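In what follows, a single structure is set out as structure tokens and then discussed.
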Amino acid sequence: MTAACATSTAPASSSASDLTDGAASALLRAAIRQMPMSGMRLRQMLLVASSIAKLADAPHITAAALAEAISYRPRPWGEEG
């Protein structure tokens, strides 16, 4: 007999629709244009931004939270920044 776990620690899903303002949307568009990334990498970045926003008690992803998440993005070898 197996026991099922009643609680989930999986993060809530985040999407571009969770962005609060035009600045956050513009920042996301610029990041997508300038930094090649897969859809999975984009989703991970939005999940990090969502976590940062939640820690700041923001109901949605802010431009500041998104900028911080972008700064944590791994850089390709040889790229400084």
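In this note's numbering, the protein residues as written are 3 to 83. Cβ coordinates follow ideal geometry from the N, Cα and C atoms, glycine included. Bear in mind the structure is a predicted one, so any value in this text is a computation, not a measurement.
Between residue 21 and the set 36, 55, 39 and 46, the nearest pair of CA atoms involves 55.
Excluding sequence positions up to five before and after residue 26, its CB lies within less than 7 Å of the CB of 63, 64, 65 and 68, all in the same chain and listed in chain order.
A direct Cα-Cα distance of roughly 18 Å separates residue 70 from residue 42. With fewer than 16 other Cβ atoms inside 10 Å of its own Cβ, residue 57 counts as exposed. If you draw a straight line from the Cα of residue 45 to the Cα of residue 77, it comes to about 17 Å. Closest in alpha carbon position to residue 75, among 48, 60 and 61, is 48.
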